[in-house]
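Quick notes on the structure that follows.
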Amino acid sequence: MKNSTTKTAASLFFLFFTMVVFSQTASEKQANLLKEDAFKTFDSNEVIGNGQITALRDKGFTVKGTTYFIEELYDGKLKTFKNDEYREGLQLRYDIFFNRLEVLAQEVHFVAVNEQISEFIIDDGSSVFHFYNSSRVGGDFKTLGYVRIVEKGDKFSIFANDQKIKKVKESRGAYASSGDTNVVELIDVADYYIYDETAKELIETKSKKKLMERFPTLKDFGKISSKDLKRERFIRNIVSFLAASN
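The sequence shown maps to residues 0 to 245 in numbering that gives the first Met the number 0.
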C-alpha cells in the first residue's frame, strides 16, 4: 500500500513538473517570438511619462483625457509584414497621441516598430477595432502610421484617421493663479476617407465640394454639411448610397 502511495505521489510530482516546464517553455517561446525587428522591449511606466506630456506637466499644466484609443490593455492579435499569420494571445493598447502600439505577451511588455506591423485588432469585449498600417492603403495615408477600418465593402470601404487634438487653455496676468486654469485637454477627432475598391483610389471626405465632384450622384443623396462629414454614421450612409447607385 505504501509503495503504491509513493508511486502515485511520484507520478503527480512528475506531472506537475512537466506542466511547469512546458508552461515556461511556451512563455519563453512567446517572448522570443516577439524579440525580432518588429518589436522592442518597453517599460510600461514610460507610457505617459515622457515627451510633450511631461513637458506640459512640468510647466504646471493639468492634462485631461488620455493619449490612448482605449485606456486599458485588451485582447488582440496582429500581423507583421514578414509573417501573414496572426499572432494571437496578446494584449494590445494603441497610443494615438504618440502613434505607438503597445504589446503585452506573457507579462513581457513590448512596443511595436510601426513600419513592421501590417495590421492589428483590439477586442474590448463589446466592440472589435481593426487597424491597418497606412502604407497598405496608400494615398495620403503613407505617413500617418495606423488607420482604422470603419467598413470594408466590395465597392467602397471607409477608413478613419483617429487623432488626439491638444487643446491648451492657459491663463495669464491677474488670473494666472486662480485654480485649475492651465489645462491641456486631449480631444478625440477623426478624419474619414472613402476608398474606391475598383479604382484603388482614396478620397478624403473633408471637403463637400471635392466629394461632390468625385461622386456626382451625391446630388440625389440629400443635404450634406461640413459638420455631417465629421460623423462616422453619416459617412456610412453616404457609402451605402454610393454602393447602391454605382
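Built from N, CA and C at the ideal position, the CB exists for glycine as well.
Beta-bridge partners of residue i, as assigned by DSSP
| i | result |
| --- | --- |
| T79 | I116 |
| D74 | Q90, D122 |
| L185 | K165 |
| R99 | D94 |
| T61 | V182 |
| I193 | I157, I202 |
| E150 | I157 |
| Y145 | N132 |
| Y85 | Beta-bridge pairing links Y85 to no other residue. |
| V248 | There is no way to answer for residue 248, as the model of the chain reaches only from 0 to 245. |
Candidates the options, of which the one nearest residue i by Cα
| i | options | result |
| --- | --- | --- |
| V62 | G221, I234, R230, K165 | K165 |
| Q105 | V183, S225, D219, L89 | L89 |
| D210 | D123, L241, F80, E118 | Checking the sequence shown, residue 210 turns out to be Leu, not Asp. The residue with the shortest Cα to Cα distance from L210 is L241. |
| S225 | R235, K208, E212 | K208 |
| G221 | G59, R232, S206, I237 | I237 |
| D122 | R56, E70, T79 | E70 |
| T66 | F97, K58, F128 | F97 |
| K249 | I116, G124, T197 | The requested residue 249 does not occur in the structure, where the chain is confined to residues 0 to 245. |
| G137 | N82, D219, I193 | I193 |
| L72 | R56, V149, L103 | L103 |
| D153 | N82, D195, E114 | D195 |
| G59 | K205, V183, R230 | V183 |
| Q115 | K218, R213, K81, G124 | K81 |
| E203 | K218, K229, N181, D219 | K229 |
Pair within 7 Å by beta-carbon distance, residue i and residue j
| i | j | result |
| --- | --- | --- |
| G64 | L185 | yes |
| L275 | R86 | Only positions 0 to 245 of the chain appear in the structure, and residue 275 is not among them; the question remains open. |
| I234 | Y191 | yes |
| F119 | F130 | yes |
| N132 | S156 | no |
Assigned exposure category for residue i - 16 Cβ within 10 Å defines buried
| i | result |
| --- | --- |
| E200 | exposed |
| G144 | buried |
| F243 | Position check: residue 243 holds Ala in this sequence, whereas Phe was assumed. By the neighbour-count rule (16 or more Cβ atoms within 10 Å), A243 is not buried but exposed. |
| T216 | exposed |
| N49 | At N49, the pLDDT of 45 sits below 50, so the modelled position is not reliable and the matter cannot be decided from this model. |
| A111 | buried |
| R135 | exposed |
| S177 | Only weak support is given to the placement of S177: the predicted model assigns it a pLDDT of 46, under 50, and the question is left unresolved by the model. |
| N245 | exposed |
| S126 | exposed |
| V167 | exposed |
| V146 | buried |
| V188 | exposed |
How about the segment 144-161 and the segment 93-110: do they share at least three Cβ pairs that are nearer than 8 Å? Enough Cβ pairs lie closer than 8 Å, so yes.
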